[in-house]
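Residue numbers (full-length UniProt numbering): 1 to 602. Inspection log for the structure reproduced underneath, given as structure tokens.
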Amino acid sequence: MLPSVSKNERNFSAEAKFQKMETKVSSFLEASVFAWERNDGKQALEYAKEAVRRERAVVKLREQQNLVEDTNTDLTFSVLFNLAQQYTNNGLFSEALKMYETLTKNKMFTTAGDLLINIGNIYMHKQQYISAIRQYQLALERVPSAQKIILANMGIAYFKLKKYKDSMNCFEEAMQIKSNFPIGFNLLLCAVLLEDWQQLKICFVNLLDSSFFYELEFRKIPLRQCLSQWENSKRQQKDQIILNAASLVAPKISSNYDEGYSWCVEMTKKSKYADIADDLELNKAVRCLHAGQVEEVRSSVSALNNIAMLYFLQGDLKEAEDIAEKALASDRYNACALVNRGNVCFRRGEYELAREYYRDAWSNEANCIEALYNLSLSCRQLGLFDEALECLQKIRAVVVAYNGNSQAIEWYTQAHVVAPNDPSILSKLGELHEKIGDKQQAFHFFLDSYRLYPSCLETTEWLATYYVEKELTEKAIAYFERAAMIQPNEVKWHLMVANCLRRSGNYTKALQRYRETHSRFPDDINCLEQLVRAATDLGLAEAAEYAEALKRAEKLKLQKVTNDCLNIEFLQFAVCYGIDVLFKVGGREQKIELPWTSLSTN
């Protein structure tokens, strides 16, 4: 008679079968997502359909065995949502809408309200903007956490319908929640189309106050693109948005394009994106040059200087000369323009003329280091070495007089915010604080750097020296021991450990460490000197033995130095008089024939 199987055992066996089937469904779901990442949309759709078909089979099987309450609703939602998404990706918008409507009508899915945004996006693709707005309005009520995205999409829909006032209102609300560049630029476009010039200025300022990245933008980084490449592309996009915005605003807020653009440049310099102000100046100068408005370019001498330098770096000396001359025509005393003009002469080999331009630049602007350095190069080419040396000494005096440590600390602090786990930045901050006399703050930075990178010898040595200066020799020992581990063949670290032990009063341990160091480095004079001193202080008889060893080591060192000097002198003598020199190599005498060099008596 076969044993009976209980109902619980049957349910357990069935559940194991269901889980195995659901695992297969999940594998098709993952395959669909990965296929889309590979830009294989058709394959992604096929996998999505197969995942839905298999998931439906699992649900029906559960219904047949009265196990509906254990249905995996998360898996059901995932496969249906993925299928709708793949329909959208493949341009099958009608099928995608049907799938989304199925999900939103099913009360079993509590998060289906978020899909109203997706439905609205599909209507946007189909250019049914009124239907899209209706879906976005429903989503505003049901998904308050996504208000900014919804309002931005509504603004675009109103913009497509040419309802610029409604579009502007949506963008303004979105900017109040959290500003970013695309929304700020769209708001600026609305102000242009509504011809609200006062609001246009406000929009430009708000754009410059916007955040750099999109919200949740990091999730959109392609798998084949590294973070630095993505960041560079976004930075270029940001720069282009500001340039385009300035080009739109400048002619609208003033009858004079130059004045309007100057206002944009000033606002940019005051913002957190001041680094692009130079690009704006260049853009302004190029526009004026193309329009033949040289008079308006005169207020942009710095931009002309930048253009001249670009031509110079490209090797186009004729264009560089022409632009530099235009800059000098606008401001004959501008040091940068004079340097650019001198650079062209220097490259052509006209060193005397280049020297004159550099001297004029230095005379007009005493802190123009470029002019002074280039002047030294010109003097060297002309054989005026004393004048070249004088120029370099002046540069040194200027650099020493200019205390740039505070500015450097500010920049490195900003770099530390961006890369908080970079030990080299922390070490540099420590060095700079030490230069300005803030030893305590320097200690904190070096300590943080050591925690991140304990194998850095310079940082380890600095911390050990700091503790020695503070007479905390016990703590210094740990860092000198670390240095000895990093450089085990460097006698200095072993001696420093022993010295710290002696300073802390551990004379016996210090003597033992000196002995160990002497056994590893028997010819080291410093180690022998410390051994003699330590043994003498402790009254040990071996002090005489170490003293004798010290004398022998010093004698050997002196003899080696003497021999080296004699060899050098003899070789010099042999070279001068053409004597053949014999050296023993490998037990055999080898003759080194030195060429005869006639010495001029003139």
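Ideal placement from N, C-alpha and C gives every residue a C-beta, glycine not left out.
Could you compute how far the alpha carbon of residue 311 sits from the alpha carbon of residue 259? Sequence index remark: in the sequence shown, residue 311 carries index 311 (1-based). Sequence index remark: in the sequence shown, residue 259 carries index 259 (1-based). For residue 311 and residue 259, the distance between alpha carbons rounds to 27 Å.
Let's see if you can read the secondary structure: which residues bound the alpha helix (DSSP H) around residue 479? Translated into positions along the sequence shown, residue 479 becomes position 479. Unbroken alpha helix (DSSP H) run through residue 479: 473–486.
Suppose contacts are defined by Cβ-Cβ distances below 7 Å. Is residue 204 in contact with residue 187 by that definition? To locate residue 204, count along the sequence shown from 1; it is residue 204. To locate residue 187, count along the sequence shown from 1; it is residue 187. Result no, Cβ atoms of residue 204 and residue 187 do not sit closer than 7 Å.
Simplified DSSP state of residue 256, which is helix, strand or coil: Sequence index remark: in the sequence shown, residue 256 carries index 256 (1-based). Coil.
Sequence-distant residues of the same chain with beta carbon closer than 6 Å to residue 148, five excluded per side: Residue mapping note: residue 148 aligns to position 148 of the sequence shown, counting from 1. So the qualifying residues of the chain are 174, 177 and 178.
Cα separation between residue 146 and residue 279? Numbered from 1 along the sequence shown, position 146 holds the residue referred to as residue 146. Numbered from 1 along the sequence shown, position 279 holds the residue referred to as residue 279. Residue 146 and residue 279 have their C-alpha atoms spaced approximately 35 Å apart.
For residue 544, is the classification buried or exposed, using 16 other Cβ atoms within 10 angstroms of its Cβ as the cut-off for buried? Stepping through the sequence shown from its first residue, residue 544 is reached at position 544. Under a 10 Å Cβ-count criterion, residue 544 is classified as exposed, with fewer than 16 other Cβ atoms of the shown protein chains found around its own Cβ.
Use the C-beta contact count for residue 577: other C-beta atoms within 10 angstroms, 16 or more gives buried, fewer gives exposed. The residue given as residue 577 occupies position 577 in the sequence shown. Unreliable positioning characterises residue 577 in this predicted model, as indicated by a pLDDT of 44, which lies under 50. A coordinate reading is not provided.
Which partner residues of residue 211 appear in the DSSP bridge assignment? In the sequence shown, the residue the question calls residue 211 occupies position 211. Partner(s): 180.
Which of helix, strand or coil DSSP assigns to residue 143: Here residue 143 is taken as the residue at index 143 of the sequence shown, counted from 1. The answer is coil: DSSP assigns residue 143 none of H, G, I, E or B.
Is residue 366 helix, strand or coil by DSSP? To locate residue 366, count along the sequence shown from 1; it is residue 366. Correct three-state label for residue 366: coil.
Inter-residue Cα distance where the pair is residue 537 and residue 433: Taking the first residue of the sequence shown as position 1, residue 537 is located at position 537. Taking the first residue of the sequence shown as position 1, residue 433 is located at position 433. For residue 537 and residue 433, the distance between alpha carbons rounds to 40 Å.
Rank 424, 243 and 458 by C-alpha distance to the C-alpha of residue 281 and give the top, closest one. Within the sequence shown, numbered from 1, the residue matching residue 281 stands at position 281. Minimum Cα distance to residue 281 is reached at 243.
Can you list, in chain order, the residues of its chain whose CB lies under 7 Å from that of residue 210, leaving out five sequence neighbours each side? Along the sequence shown, one-based indexing puts residue 210 at 210. Close CB contacts of residue 210 within its chain, under the 7 Å cut and outside five residues either way in sequence, are with 179, 180, 181 and 184 (chain order).
Do residue 305 and residue 336 have their C-beta atoms within less than 7 Å of each other? Taking the sequence shown and counting its residues from 1, one reaches residue 305 at position 305. Taking the sequence shown and counting its residues from 1, one reaches residue 336 at position 336. Their beta carbons are under 7 Å apart, which means residue 305 touches residue 336 by this criterion.
Own chain, CB closer than 7 Å to residue 420, minus 5 neighbours either side, in chain order: The sequence position of residue 420 within the sequence shown is 420, counting from 1. Once the five neighbours on either side are set aside, residue 420 has no close Cβ partner at all.
Exposed unless 16 or more other CB atoms sit within 10 angstroms - verdict on residue 88: Locating residue 88 in the sequence shown gives position 88, where the first residue counts as 1. Looking at its Cβ environment, which holds 16 or more other Cβ atoms inside 10 Å, residue 88 is buried.
CA-CA distance, residue 238 and residue 198? Position 238 of the sequence shown, counted from the start, is the residue given in the question as residue 238. Position 198 of the sequence shown, counted from the start, is the residue given in the question as residue 198. Each residue's Cα considered, the two are about 24 Å apart.
With a floor of 4 residues, list each alpha helix (DSSP H) that falls wholly inside the segment 46–92, ordered by position along the chain. 73–89
Rounded to a whole number of angstroms, what is the C-alpha to C-alpha distance between residue 138 and residue 163? Here residue 138 is taken as the residue at index 138 of the sequence shown, counted from 1. Here residue 163 is taken as the residue at index 163 of the sequence shown, counted from 1. When the Cα atoms are used, residue 138 and residue 163 turn out to be separated by approximately 20 Å.
Looking only at its own chain, which residues have a Cβ that is under 7 Å from the Cβ of residue 96, when we skip the five neighbours before and after it? Indexing the sequence shown from 1 puts residue 96 at position 96. Hits under 7 Å: 84, 87, 88 and 122.
Does the beta carbon of residue 63 sit closer than 7 Å to a beta carbon anywhere in chain B? No chain B appears in this structure, which consists of one protein chain only.
What's the call for residue 342, buried or exposed, on a 16-neighbour Cβ count within 10 Å? Here residue 342 corresponds to residue number 342 of the sequence shown, with the count starting at 1. Buried.
What's the gap between the Cα of residue 35 and the Cα of residue 51? Translated into the one-based positions of the sequence shown, residue 35 becomes position 35. Translated into the one-based positions of the sequence shown, residue 51 becomes position 51. Distance between the alpha carbons of residue 35 and residue 51 is about 13 Å.
Give every residue of the same chain whose Cβ lies closer than 6 Å to the Cβ of residue 355, excluding the five residues on either side of it in the sequence, and list them in chain order. Indexing the sequence shown from 1 puts residue 355 at position 355. So the list reads 378, once near-sequence residues are dropped.
With distance defined between alpha-carbon atoms, name the residue in 525, 470 and 340 nearest to residue 491. Indexing the sequence shown from 1 puts residue 491 at position 491. Considering only alpha carbons, the answer is 525.
Can you grab the Cα-Cα spacing for the pair residue 470 / residue 451, in whole Å? For the purposes of this step, residue 470 is identified with residue 470 of the sequence shown, where counting begins at 1. For the purposes of this step, residue 451 is identified with residue 451 of the sequence shown, where counting begins at 1. So the two alpha carbons sit approximately 20 Å from each other.
For residue 425 versus residue 416, is the C-beta spacing smaller than 7 Å? Within the sequence shown, the letter at position 425 stands for residue 425. Within the sequence shown, the letter at position 416 stands for residue 416. Yes, the Cβ-Cβ distance between residue 425 and residue 416 is below 7 Å.
Relative to the C-alpha of residue 249, which residue among 406, 236, 268 and 555 is closest? As a working mapping, residue 249 is identified with position 249 in the sequence shown. Among 406, 236, 268 and 555, the Cα nearest to that of residue 249 is on 268.
Could you check the C-alpha separation between residue 511 and residue 532 for me, to the nearest Å? As a position in the sequence shown, residue 511 is number 511, starting the count at 1. As a position in the sequence shown, residue 532 is number 532, starting the count at 1. Distance between the alpha carbons of residue 511 and residue 532 is about 10 Å.
State yes or no: is the C-beta of residue 477 within less than 7 Å of the C-beta of residue 457? Within the sequence shown, residue 477 is the residue found at index 477, counting from 1. Within the sequence shown, residue 457 is the residue found at index 457, counting from 1. Contact: no.
Inspect the beta-carbon positions of residue 390 and residue 339 and report whether they are closer than 7 Å. In the sequence shown, counting from the first residue as 1, residue 390 sits at position 390. In the sequence shown, counting from the first residue as 1, residue 339 sits at position 339. No.
Whose C-beta lies closer than 7 Å to the C-beta of residue 329 among residues of the same chain, with five residues either side of it excluded? For the purposes of this step, residue 329 is taken as the residue at position 329 of the sequence shown. There are no such residues.
Excluding sequence positions up to five away, which residues of its chain have a Cβ less than 6 Å from the Cβ of residue 257? Locating residue 257 in the sequence shown gives position 257, where the first residue counts as 1. Contacts found: 250 and 251.
Starting from residue 430, trace the alpha helix (DSSP H) in both directions and tell me its first and last residue. By one-based count along the sequence shown, residue 430 stands at place 430. In this chain, the alpha helix (DSSP H) harbouring residue 430 covers 423–435.
Which whole-angstrom value describes the C-beta separation of residue 62 and residue 28, a residue pair presumed to lie in contact below a C-beta threshold of 8 Å? For the purposes of this step, residue 62 is identified with residue 62 of the sequence shown, where counting begins at 1. For the purposes of this step, residue 28 is identified with residue 28 of the sequence shown, where counting begins at 1. Not a contact, Cβ separation roughly 18 Å.
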